[in-house]
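Engineer:
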Amino acid sequence: TGNALHVALGGKGFFAVEYKDGIGYTRAGNFTLNNEGDLVTQAGFRVLDEDFLPITLDPENAMPDISTNGAISIEGDEPKQLAIVDFANPQALKKAGANVYTSEEDATPVEQKDIIIQQGYLEDSNVEPILEITRMIDVMRRYQSAKGLIDTGDDLTTKVIDQLSQIR
Numbered sequence: 232t233g234n235a236l237h238v239a240l241g242g243k244g245f246f247a248v249e250y251k252d253g254i255g256y257t258r259a260g261n262f263t264l265n266n267e268g269d270l271v272t273q274a275g276f277r278v279l280d281e282d283f284l285p286i287t288l289d290p291e292n293a294m295p296d297i298s299t300n301g302a303i304s305i306e307g308d309e310p311k312q313l314a315i316v317d318f319a320n321p322q323a324l325k326k327a328g329a330n331v332y333t334s335e336e337d338a339t340p341v342e343q344k345d346i347i348i349q350q351g352y353l354e355d356s357n358v359e360p361i362l363e364i365t366r367m368i369d370v371m372r373r374y375q376s377a378k379g380l381i382d383t384g385d386d387l388t389t390k391v392i393d394q395l396s397q398i399r
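So the mapping is simple: our numbering equals the position in the sequence shown, first residue as 1, plus 231.
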């Protein structure tokens, strides 16, 4: 995207964000700065650092450099580390809306070696809608064809039973 505040998270994990009365988790890295200089999601939730505190940047300084391990540095500011966490059971996450998930399970920090962050990029969907719609239409046609064969088989079975019952 070329936007210094956009980050794509490769591999496992989620960014931690301030969400209502707790912490939310997202993979959407299209961050911006609000009027107070807080790094926020598109929905306005503040992005958290490794201590689970909001990340605030000086909007007067240059755009930040975000390393591949999630360290945010701006000239003249103390470096900050994005909180990137994972879950033993990601299926337990509950969708809360605005690309945010919540969990009753405790999150565990992802090890630095497992983090791959690309500044200026966004994670894209791994689904191509047109291709998937085409595949669904193909599946539907095959289903209808198979159903037709089963219905024909049922009709033949019924006719055979009727004819056998008349022979007696």
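Built from N, CA and C at the ideal position, the CB exists for glycine as well.
1. Using only CA atoms, which one of GLU342, SER304, ASP280 lies nearest to PRO290?
2. Tell me which residues share the same chain as ALA327 and place their Cβ nearer than 7 Å to its Cβ, disregarding the 5 neighbours each side in the sequence.
3. Under 8 Å, with one C-beta from each stretch per pair, do the stretch 347 to 363 and the stretch 234 to 244 reach the 3-pair mark?
4. Give me whichever residues DSSP pairs with PHE246 in a beta bridge.
5. Work out the CA separation of GLY260 and TYR352 for me, nearest whole Å.
6. Just confirm the distance between the C-beta atoms of THR257 and PHE246, as a whole number of angstroms; I'd bet it's less than 8 Å.
7. May I ask which residues mark the beginning and end of the alpha helix (DSSP H) holding SER376?
8. Suppose the cutoff is 6 Å on Cβ atoms and the five residues either side in sequence are ignored; what does the same chain contact list for PRO310 look like?
9. By how many angstroms is the C-alpha of GLY384 removed from the C-alpha of ASN320?
10. What are the residues that DSSP puts in a beta bridge with SER304?
11. I'd like to know whether the C-beta atoms of VAL316 and THR299 end up nearer to each other than 8 Å.
12. Helix, strand or coil for PRO340 per DSSP?
Structural biologist: If we stick to the structure as given:
1. SER304
2. TYR250, GLY255, THR333
3. yes
4. THR257, ILE315
5. 8 Å
6. 5 Å
7. 360 to 398
8. ALA302, SER304
9. Each residue's Cα considered, the two are about 45 Å apart.
10. ASP296
11. no
12. strand
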